[in-house]
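Residue numbers (the numbering used here), protein chains in the order written: chain A, 1 to 421; chain B, 1 to 318.
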């Protein structure tokens, strides 16, 4: 059956979207009421249609900590937030470090999740940073990249070998960039941390590991992605690496684009994330880097934590914030502020992740999977934790009013979410 | 060793330390001589007592079954008195250095010292201090010249000429002295040599050795005349160089399916000892294209030829 979504704003201008079954038939200016007579027609009332968001950094509790989040509950939050593909991190119990675990995630997602799910496999066995995991077999099983998730591969010799091995198999290596021996703080190092009496982590710990990795990339020729950068200096480091022609990219979390260290306020643990929220100057540099193209993708870094890990003194609380349901609205702030265009928004949330991970979905071109989201960019809503679909409620946007939301989310031509006011 | 006057010299050097020291004509002469010993070895009477009265000491600082016994049999068939010394279990554990051990043995006036050592260059170091002929039976990750010679002899028996053949050397080239000696010998003799391995198991700048480099078996085995598998050490496949045995087998293990990528009837070789189910499937190791057992047979012939050739260069020590 054909469906036509008319009177919409697409990333590259006004137009419509025609789908049939699970595929896009056509999109753009040419799709009008005049030529879709055989289709079921939806009037988008001038709302935005974008490719569904591909979120490259999502943690769930499945398997191992299902009380925090399952693939099913995360997928419901994703659908409500316009996210149609979630890339789950390997830091589960057990760790996703072999083909059987990759297969488990894919089958569980197929049976329980409303959106597409694909895992990244671990770089090292158990993400312990000591021995290389079965990168080639995991890729064959369906892992879209490899990463140790919340952990950095600190050992340079091991990282070099993993990069060489990944290059042989054309696997994207994704690194959490924090030099562990230099980043044992609980928030950004500086005056605020000092006044709060908290230990700080320097932005330099990120820069050091990033620069080391980029040298290794130069040596090995592998494809490399820094999962999240958080400070102005890292933007410059990435700019230089790209100018050299290295096959490298980087992401930034929506938290680091929206918030800064001041938000920690009186020890609010929902703002305790890794890497830590930095200064306002850093945040502005990240937004600028994103607009300019030095930063490639935006992720939610969705990391569900419950009371047992967050209702603790700041230093003892876990890192992490949920974000699947708020990433789109928080990112729309940048288009409202004219930091980035709608076209750029679509690149950083969908098209570039698609390209980096080699996925089929992520574009609205003819023949591509019909994964998309209809967005009302001006609908206001207040983030009430109780209304969020995630099993955990640790959102740093708690009680904030955001502008813009997903009105409908479609995955493979199937409506998985519709906003009911 | 009175016959040394009547037999023509095969090569110049006093020792056999590395393939890289040999010329093309020396290799050919050695292989021709070895071919005659291969015939002798199939006779009921295998003895050819040209080394009667000579003493050969097998000085092995690293454990070895097949190389040591192969040298022992070779020496005995030529009439030499052979003594095996496995040093890891004696003097070295008492703190003696390699050179002291060698000098001690040298003082007993052997004619041949066959040496294996875990450190690259150790055999050459030792050869500078002793007065007998030294044969390198494998030094670290450097060379194993008799293995390359026996491999060449085996190939020649089946494919006549080494020149122009495409030989794919697959697996742990990084740690392999067998690979280095084979690359040196085969490229010298005009074969086209390929190395096929995950990048982690290739030495830096291996392309400068005159070989073609491949990281997949599919590309590396295409149209190969000879597929030479290398042994992968267990400790290297547990995540340090490659992720696991099963992943290595999946991508690099020589199965019947992968062997089909090579030329029909391509020779399958392995220096041993094999890890069945890791670098090579049993069906291939024991299959019609395998010449692995013949390699062992040729090992004795080659080592007899080497002992013979070196004895021709000896001046009386008396």
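All residues carry an ideal CB built from backbone N, CA and C; glycine is no exception. On a predicted model such as this, the values are computed, not experimentally measured, just so you know.
Pick from the options that is closest to residue i, judged by C-alpha positions
i, options, result
"residue 314 of chain A", "A/272, A/284, A/178 and A/69", "A/272"
"residue 227 of chain B", "B/310, B/201, B/285 and B/203", "B/285"
"residue 227 of chain A", "A/267, A/196 and A/275", "A/275"
"residue 12 of chain A", "A/363, A/391, A/385 and A/97", "A/363"
"residue 114 of chain B", "B/120, B/159 and B/136", "B/136"
"residue 247 of chain B", "A/95, A/26, A/132 and A/408", "A/132"
"residue 393 of chain A", "A/383, A/402 and A/218", "A/383"
"residue 186 of chain A", "A/320, A/217 and A/299", "A/320"
"residue 220 of chain A", "A/340, A/173, A/325 and A/143", "A/173"
"residue 358 of chain A", "A/341, A/143 and A/52", "A/143"
"residue 257 of chain B", "B/244, B/236, B/222 and B/235", "B/222"
Outcome for residue i when other beta-carbon atoms lying within 10 angstroms are tallied against a minimum of 16
i, result
"residue 85 of chain A", "buried"
"residue 290 of chain B", "buried"
"residue 78 of chain A", "buried"
"residue 319 of chain B", "Absent from the model: residue 319 of chain B. The displayed extent of chain B is 1 to 318, so no value can be given."
"residue 353 of chain A", "buried"
"residue 14 of chain A", "exposed"
"residue 316 of chain B", "Note that residue 316 of chain B has pLDDT 44, beneath the 50 cutoff, so the model's placement of it is unreliable and no number is given."
"residue 204 of chain B", "exposed"
"residue 336 of chain A", "exposed"
"residue 60 of chain A", "buried"
"residue 255 of chain A", "buried"
"residue 108 of chain B", "exposed"
"residue 139 of chain A", "buried"
Nonlocal neighbours in the same chain, by C-beta distance under 8 Å from residue i, ignoring five residues either side
i, result
"residue 154 of chain A", "129, 179, 180, 181 and 209"
"residue 2 of chain B", "The pLDDT assigned to residue 2 of chain B is 48, lower than 50, so where the model puts this residue is not dependable; a value taken from the coordinates is nonetheless given after this. Taken in chain order, the list of residues that qualify is empty."
"residue 22 of chain A", "369, 370, 412, 413 and 414"
"residue 296 of chain B", "66, 70 and 272"
"residue 215 of chain A", "none"
"residue 265 of chain A", "271"
"residue 262 of chain A", "192 and 280"
Endpoints, alpha helix (DSSP H) assigned at residue i
i, result
"residue 60 of chain A", "Premise fails: residue 60 of chain A is in no alpha helix (DSSP H) and is neither H nor E."
"residue 353 of chain A", "352-357"
"residue 363 of chain A", "Unbroken run through residue 363 of chain A: none, as it is neither H nor E."
"residue 286 of chain B", "It is not in any alpha helix (DSSP H) - residue 286 of chain B carries neither H nor E in the DSSP assignment."
"residue 322 of chain A", "No alpha helix (DSSP H) contains residue 322 of chain A, which DSSP labels as neither H nor E."
"residue 207 of chain A", "203-220"
"residue 49 of chain A", "Per DSSP, residue 49 of chain A belongs to no alpha helix (DSSP H); it is in the beta strand (DSSP E), 48-51."
"residue 284 of chain A", "280-292"
"residue 196 of chain A", "191-196"
"residue 340 of chain A", "From DSSP, residue 340 of chain A is part of no alpha helix (DSSP H); its letter is neither H nor E."
Same chain, Cβ closer than 6 Å to residue i, five either side skipped, listed in chain order
i, result
"residue 80 of chain B", "51, 54 and 56"
"residue 105 of chain B", "57"
"residue 310 of chain B", "133"
"residue 184 of chain B", "19 and 20"
"residue 212 of chain B", "194"
"residue 291 of chain A", "339 and 340"
Residue interval of the beta strand (DSSP E) (run including residue i)
i, result
"residue 67 of chain A", "No beta strand (DSSP E) holds residue 67 of chain A; DSSP gives it neither H nor E."
"residue 225 of chain A", "224-226"
"residue 413 of chain A", "Segment: none, residue 413 of chain A is in no beta strand (DSSP E) and carries neither H nor E."
"residue 112 of chain B", "112-117"
"residue 267 of chain B", "267-269"
"residue 56 of chain B", "55-60"
"residue 85 of chain A", "83-88"
"residue 15 of chain A", "13-20"
"residue 136 of chain A", "No beta strand (DSSP E) contains residue 136 of chain A, which is instead part of the alpha helix (DSSP H) from 135-141."
Spatial neighbours of residue i in its chain, beta-carbon cut-off 7 Å, leaving aside the 5 residues before and after
i, result
"residue 76 of chain A", "114 and 389"
"residue 109 of chain A", "71 and 117"
"residue 96 of chain A", "90, 102, 105, 119, 121 and 122"
"residue 120 of chain B", "139, 140, 141 and 142"
"residue 136 of chain A", "169"
"residue 44 of chain A", "5, 6, 7, 8 and 374"
"residue 4 of chain B", "In this predicted model, residue 4 of chain B has a pLDDT of only 47, less than 50, meaning its place in the structure is not dependable; the value taken from the coordinates is given anyway. The residues are 311, 312 and 314."
Residue i Cβ short of 7 Å to the ligand MN heavy atom set
i, result
"residue 234 of chain A", "Although the ligand MN was asked about, the structure shown includes no ligands whatsoever."
Open item on the list: Against chain A, which members of the region 245-267 of chain B pass a CB distance test of less than 7 Å?
Closed with: Answer set for the region 245-267 of chain B: 247, 250 and 251.
Open item on the list: Against chain A, which members of the region 195-209 of chain B pass a CB distance test of less than 8 Å?
Closed with: Under the 8 Å Cβ criterion, the region 195-209 of chain B contributes 198, 199 and 200.
Open item on the list: Give me the subset of the region 159-181 of chain A whose CB atoms are less than 7 Å from a CB atom of chain B, sorted by chain position.
Closed with: Taking 7 Å as the cut-off between beta carbons, the residues of the region 159-181 of chain A near chain B are 161, 164, 165, 167 and 168, in sequence order.
- [ ] May I ask you to list, following chain order, the residues of the region 164-198 of chain B that have a beta carbon less than 8 Å from some beta carbon of chain A?
- [x] Considering only beta carbons, the part of the region 164-198 of chain B lying closer than 8 Å to chain A consists of 198, in chain order.
Task: Residues within the region 108-137 of chain A neighbouring chain B, beta-carbon criterion of under 9 Å - done: Flagged, chain order: 124, 125, 130, 131, 132, 133, 134, 135, 136 and 137.
Open item on the list: Tell me which residues of the region 215-236 of chain B have at least one Cβ-Cβ distance to chain A shorter than 9 Å, keeping chain order.
Closed with: Against chain A - using a Cβ distance shorter than 9 Å - the residues of the region 215-236 of chain B are 215 and 216.
TODO: Residues of the region 54-85 of chain B with a CB closer than 9 Å to any CB of chain A: list them in chain order, please.
DONE: Result list empty, no residue passes.
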